[in-house]
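**Student:** Can you read through this structure? Questions will come right after.
This is the structure in C-alpha cells:
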C-alpha cells in the first residue's frame, strides 16, 4: 500500500490596511506603549475595515498561497479554514472562500480550536491527504478578532489583531517526497479550563456574539507547560531535537510566553520566528502569517525542519513538525 506525505507547496498571507498602534490605544483606554511592549512585546496590530469580513481576508491569503505554489484554484479539492470569527453562524466561512476562488468540487469546512486552530487544521488536512481522500488542500487561518473585543477592557483589547494566512498542502508518495512533508502532529484539549479564555456570547446561550474574556495570569501560567508537552512529544516521535531543528514558528500571542517556551526547550533565540510585535495575537492566523514572513524573507528554505505550536481557548494546544 502506498504511503503518502503532505508536502507544503506554497504559503501566503494578508493583513488589513489599517494599523492600530499602541499610541492609538493609549487614546482609547488607560494604557501606554511601554506597558504593552513590556508585558506582551506587541507594538502594533491590523484592524479589518468596516465591511471587511473574515472570508475576505482568507480569500486574499488563499490566492497568495496558490500563486506561491504555482497552482490554480481548480487544483485544490479540500479547504480547511480555522477561525473563531466566521462570517456567519452558517454556512462555513470556508465555502465562501471556495466560491470566491471559483471551486465547485471537493469539500470545504471550518474548524474551531481558537488560537490552536491552524495546527488542528494542518493535522486534519494531513490525515485526509495521507488517507488518499484528497490531492491538494488549502489550510487557512483567518480571524477578525477586532469584532469580539471589548474596547473598554485594556487587558484584552491591546492583545489582538486581524489577519489571515494560508498554506497549500499536496499529497505526495512518501518515497518521492525526499523527506519533505508533515512528519508528526500532536493535539490536546482540556475543557476544565474553558472559563479562563472564552467569549461570553453564543448562538444557543445568549443569541449574541459577546466579547472575549480572559484570565491573563492563568493563561500564562498554563501556557509554557502545555506548549512544551506537545513539542516534546513531537521530538520523541521523530528523533528531532532543539539542536537539529531549523525554525520554531510558535503561535504569536505574547513574547514572554514564546521566549519562556524556547528557553525551556533549549531552542536558540535565532531559530525563533517572531511577528507578534507587528501583528499582535491574530489567533488561528498567527502561525501562517509568521510562516509567510519567514518564507518570503528567505529564512525558511526547502529541506528545513520547522516546528509549529499553539495554545488557545478551551484549553486547546498542539504541535506540528514538518520538513519544508
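In the working numbering, the protein residues as written are 1 to 324. By construction, the Cβ of each residue, glycine as well, lies at the ideal position given by its N, Cα and C atoms.
1) Just to confirm, is the Cβ distance from residue 53 to residue 79 under 8 Å?
2) Opposite residue 247 in the DSSP bridges: which residues?
3) Give the straight-line distance between the Cα atoms of residue 219 and residue 65, rounded to the nearest whole angstrom.
4) What's the call for residue 311, buried or exposed, on a 16-neighbour Cβ count within 10 Å?
5) Starting from residue 324, trace the beta strand (DSSP E) in both directions and tell me its first and last residue.
6) Jot down the residue ranges of each uninterrupted beta strand (DSSP E) in the region 77-146, minimum 3 residues, whole runs only, in chain order.
7) Report yes or no: do three or more beta-carbon pairs, one from the region 160-169 and one from the region 3-23, lie closer than 8 Å?
8) Taking the straight line between their C-alpha atoms, what separation do you get for residue 13 and residue 289?
9) With DSSP run on the structure shown, which of helix, strand or coil describes residue 314?
10) Specify the secondary structure class of residue 28 as computed by DSSP and reduced to three states.
11) Check each candidate in 211, 266, 237, 274 and name the one with the smallest Cα separation from residue 252.
12) Using 8 Å for Cβ pairs, my map puts residue 132 next to residue 4. What's the rounded Cβ distance?
13) Once you ignore the five residues that flank residue 216 on each side, which residues in its own chain have a CB closer than 7 Å to its CB?
14) Mark residue 207 as exposed unless 16 or more other C-beta atoms lie within 10 angstroms of its C-beta, in which case mark it buried.
15) Where does residue 209 sit, in a helix, a strand or coil, going by DSSP?
16) Using DSSP with H/G/I as helix, E/B as strand and the rest coil, what is residue 34?
17) Would you mind giving the Cβ-Cβ distance between residue 169 and residue 203, rounded to the nearest angstrom? I have them listed as a contact below 8 Å.
18) Answer yes if the region 249-263 comes into contact with the region 39-50, meaning at least three C-beta pairs across the two stretches below 8 Å, and no otherwise.
19) With 16 as the cutoff for other CB atoms within 10 Å, does residue 279 come out buried or exposed?
20) The beta strand (DSSP E) with residue 46 in it runs from where to where?
21) Can you tell which of 213, 315, 7, 88 has its C-alpha closest to the C-alpha of residue 150?
22) Can you tell me where the alpha helix (DSSP H) holding residue 224 begins and where it ends?
23) Could you check which residue in 34, 303, 315 has the C-alpha nearest to that of residue 181?
24) List in chain order: all unbroken alpha helix (DSSP H) runs of 4+ residues lying wholly within the region 252-311.
25) For residue 247 and residue 271, which I take to be in contact (beta-carbon distance under 8 Å), what is that distance rounded to the nearest angstrom?
26) For residue 147, I'd like the list of residues in its chain whose CB is within less than 8 Å of its CB, leaving aside the five on either flank, ordered along the chain.
27) Helix, strand or coil: which one does DSSP assign to residue 166?
28) By the DSSP assignment, the beta strand (DSSP E) with residue 57 in it spans what residues?
29) Can you round the beta-carbon distance between residue 307 and residue 231 to whole angstroms, since I take them to be within the 8 Å contact cut?
30) Okay, do the region 62-76 and the region 28-36 touch, 3+ Cβ pairs below 8 Å being the bar?
31) State the beta-bridge partners of residue 148 as determined by DSSP.
32) With DSSP collapsed to three states, give me the class of residue 12.
33) Is DSSP giving residue 2 helix, strand or coil here?
34) If you drop the 5 nearest sequence neighbours on each side, which residues of the same chain put their C-beta closer than 6 Å to that of residue 94?
**Tutor:** On the basis of the supplied data:
1) For the purposes of this step, residue 53 is identified with residue 53 of the chain shown, where counting begins at 1. For the purposes of this step, residue 79 is identified with residue 79 of the chain shown, where counting begins at 1. Here residue 53 is not near residue 79, since their CB atoms are 8 Å or more apart.
2) Here the question's residue 247 lines up with position 247 in the chain shown. When DSSP reads this structure, residue 247 sits in a beta bridge with 306.
3) Along the chain shown, one-based indexing puts residue 219 at 219. Along the chain shown, one-based indexing puts residue 65 at 65. Cα-Cα distance, rounded: 32 Å.
4) Along the chain shown, one-based indexing puts residue 311 at 311. Buried is the call here.
5) By one-based count along the chain shown, residue 324 stands at place 324. Under the DSSP assignment, residue 324 falls outside any beta strand (DSSP E); it carries neither an H nor an E label.
6) Those beta strand (DSSP E) runs which fall completely within the region 77-146 and span 3+ residues are 78-82, 107-111, 136-144.
7) Judged by Cβ distances under 8 Å, the region 160-169 makes contact with the region 3-23, as three or more pairs qualify.
8) On the chain shown, residue 13 is found 13 positions in, with the first residue counted as 1. On the chain shown, residue 289 is found 289 positions in, with the first residue counted as 1. If you take the alpha carbons of residue 13 and residue 289, they lie about 6 Å apart.
9) Sequence index remark: in the chain shown, residue 314 carries index 314 (1-based). Residue 314 falls in the coil class under three-state DSSP.
10) For the purposes of this step, residue 28 is taken as residue 28 along the chain shown, with counting starting at 1. Note: residue 28 maps to coil in three-state DSSP.
11) Working through the chain shown from its first residue, we reach residue 252 at position 252. Put simply, of 211, 266, 237, 274 the residue whose alpha carbon is nearest the alpha carbon of residue 252 is 274.
12) Within the chain shown, the letter at position 132 stands for residue 132. Within the chain shown, the letter at position 4 stands for residue 4. Yes, residue 132 and residue 4 are in contact; Cβ-Cβ is about 7 Å, under 8 Å.
13) Within the chain shown, the letter at position 216 stands for residue 216. Within its own chain, the residues whose Cβ lies closer than 7 Å to the Cβ of residue 216, once the five positions on either side in sequence are excluded, are 155, listed in chain order.
14) Along the chain shown, read from residue 1 onward, the residue named residue 207 stands at position 207. With fewer than 16 Cβ atoms within 10 Å of its Cβ, residue 207 is classed as exposed.
15) As a working mapping, residue 209 is identified with position 209 in the chain shown. It is coil, neither helix nor strand.
16) Your numbering for residue 34 matches position 34 in the chain shown. Here residue 34 sits in helix by DSSP.
17) Taking the chain shown and counting its residues from 1, one reaches residue 169 at position 169. Taking the chain shown and counting its residues from 1, one reaches residue 203 at position 203. Under the criterion of beta carbons closer than 8 Å, residue 169 and residue 203 do not qualify as touching, at roughly 31 Å.
18) Taking a cut-off of 8 Å for Cβ pairs, the region 39-50 and the region 249-263 touch, as three or more such pairs fall below it.
19) For the purposes of this step, residue 279 is identified with residue 279 of the chain shown, where counting begins at 1. In this structure residue 279 is buried. Its beta-carbon is surrounded by 16 or more other beta-carbon atoms within 10 angstroms.
20) Mapped onto the chain shown, residue 46 falls at position 46. Per DSSP, the continuous beta strand (DSSP E) segment holding residue 46 begins and ends at 44-47.
21) Counting from one through the chain shown, the residue named residue 150 turns up at place 150. Selected option, being the one with the closest Cα: 213.
22) Within the chain shown, residue 224 is the residue found at index 224, counting from 1. 216-238 is the span of the alpha helix (DSSP H), which, as asked, contains residue 224.
23) Numbered from its first residue, the chain shown carries residue 181 at position 181. With distances taken between Cα atoms, residue 181 lies closest to 303.
24) Whole alpha helix (DSSP H) segments, 4+ residues: 255-265, 276-279, 286-296.
25) Reading the chain shown from its first residue, position 247 is the one you call residue 247. Reading the chain shown from its first residue, position 271 is the one you call residue 271. At roughly 6 Å, the Cβ-Cβ gap stays under 8 Å, so residue 247 and residue 271 are in contact.
26) For the purposes of this step, residue 147 is identified with residue 147 of the chain shown, where counting begins at 1. The residues are 48, 85, 209.
27) The count along the chain shown starts at 1 and reaches residue 166 at position 166. In the structure shown, residue 166 falls within a strand segment according to DSSP collapsed to helix, strand and coil.
28) In the chain shown, counting from the first residue as 1, residue 57 sits at position 57. Careful: residue 57 lies outside any beta strand (DSSP E), inside the alpha helix (DSSP H) at 54-69.
29) Translated into positions along the chain shown, residue 307 becomes position 307. Translated into positions along the chain shown, residue 231 becomes position 231. Confirmed, about 7 Å.
30) Verdict: no, contact absent.
31) Translated into positions along the chain shown, residue 148 becomes position 148. DSSP, once it has assigned bridges, lists no residue as partnering residue 148.
32) Taking the first residue of the chain shown as 1, we reach residue 12 at position 12. Residue state, collapsed to three classes: strand.
33) Within the chain shown, residue 2 is the residue found at index 2, counting from 1. When DSSP states are grouped into helix, strand and coil, residue 2 belongs to the coil group.
34) One-based indexing of the chain shown puts residue 94 at position 94. Once the five neighbours on either side are set aside, the close Cβ partners of residue 94 are 79, 81, 108, 109, 110.
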